[in-house]
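*Asks:* Residues 989 to 1144 (my numbering) make up the sequence shown, in order.
Handing you a structure now.
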Amino acid sequence: MKKFITTTVALVTTLSLALLLGTGPVASSGCSPVNGHLVEDLVPGPGFQTAGRFWGAIQGTYEFTLTSASPTGDPTISTVVHFVGHSTVRTRTGDLRFTEAGALDTAGVGNYADLMTITGGTGAWATASGQIHLMGFFSGASGHGEGDYRGEVCGG
């Protein structure tokens, strides 16, 4: 019985350690880290659209169209809205398309955090996938925004 308990404890310890060590971040094959900066300005016209430029690991013109926005429903952060939109970054080697989901504080400088999920692409980006985190500000008063991005692009 003592040998059974010792063997069981050793097995559970080994499996727990393997599970613990095996759950860390692993670099995906064919993926590259990306980071850089975005500058954008409100585009006149119907709806909410911005245009600007991506600088850094991904470089090109940027176009964003808001598809939905809703208040958080929490009175302690009543100036924060959740938003969803679609964007495209047009590079020299093709286009990257994204669906964006984030939160924007409409008060003050307009801080926001945004998760950009790659939904398609053309040219060199035709098989791209991955996500980019974007954090910055967008001023409703001036119609100008800037942010820094960081993430991972695979297969592009």
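Using N, Cα and C, we set each Cβ at its ideal position, and we do this for glycine too.
What are the start and end residues of the beta strand (DSSP E) that includes Pro1059?
*Replies:* That run of the beta strand (DSSP E) goes Gly1048 to Pro1059.
*Asks:* Beta carbon of Asp1102, beta carbon of Leu1122: below 8 Å?
*Replies:* Yes, the Cβ-Cβ distance between Asp1102 and Leu1122 is below 8 Å.
*Asks:* In this structure, does DSSP put Gly1128 in helix, strand or coil?
*Replies:* If DSSP states are grouped into helix, strand and coil, Gly1128 belongs with coil.
*Asks:* Does DSSP put Pro1034 in a helix, in a strand, or in coil?
*Replies:* It is coil, neither helix nor strand.
*Asks:* Roughly how many whole angstroms lie between the Cα atoms of Asp1087 and Ile1120?
*Replies:* The displayed chain sequence assigns Thr, not Asp, to residue 1087. Using only the alpha carbons, I get a separation of about 11 Å.
*Asks:* Could you give the DSSP three-state label for Ala1112: helix, strand or coil?
*Replies:* Ala1112 falls in the helix class under three-state DSSP.
*Asks:* Locate the beta strand (DSSP E) running through Thr1079, then write down its first and last residues.
*Replies:* That run of the beta strand (DSSP E) goes Val1068 to Thr1079.
*Asks:* I need the DSSP call for Thr1087, collapsed to helix, strand or coil.
*Replies:* Three-state DSSP puts Thr1087 in a strand.
*Asks:* Across which residues does DSSP place Ala1045 in a beta bridge pair?
*Replies:* Answer by DSSP bridge pairing: none, since Ala1045 is not bridged.
*Asks:* DSSP state of Thr1094, grouped into three classes?
*Replies:* In the structure shown, Thr1094 sits in coil (DSSP, three-state: anything other than H, G, I, E or B).
*Asks:* Mark Asp1083 as exposed unless 16 or more other C-beta atoms lie within 10 angstroms of its C-beta, in which case mark it buried.
*Replies:* That one is buried.
*Asks:* Where does Val1141 land, buried or exposed, given buried means 16+ other C-beta within 10 angstroms?
*Replies:* So Val1141 counts as buried.
*Asks:* Using CA atoms only, rank isn't needed, just tell me which of Tyr1137, Ala1095, Asn1099 and Arg1080 is closest to Trp1113.
*Replies:* Of the candidates Tyr1137, Ala1095, Asn1099 and Arg1080, the one whose C-alpha sits nearest the C-alpha of Trp1113 is Arg1080.
*Asks:* Using a Cβ distance threshold of 8 Å, determine whether the region 1050-1058 contacts the region 1034-1042, with at least three qualifying pairs required.
*Replies:* Yes: at least three Cβ pairs fall under 8 Å.
*Asks:* Could you check the C-alpha separation between Ala1045 and Ala1095 for me, to the nearest Å?
*Replies:* Cα-Cα distance, rounded: 31 Å.
*Asks:* When you compare the CB positions of His1074 and Ala1091, do they come within less than 8 Å of one another, or not?
*Replies:* Cβ atoms of His1074 and Ala1091: not closer than 8 Å.
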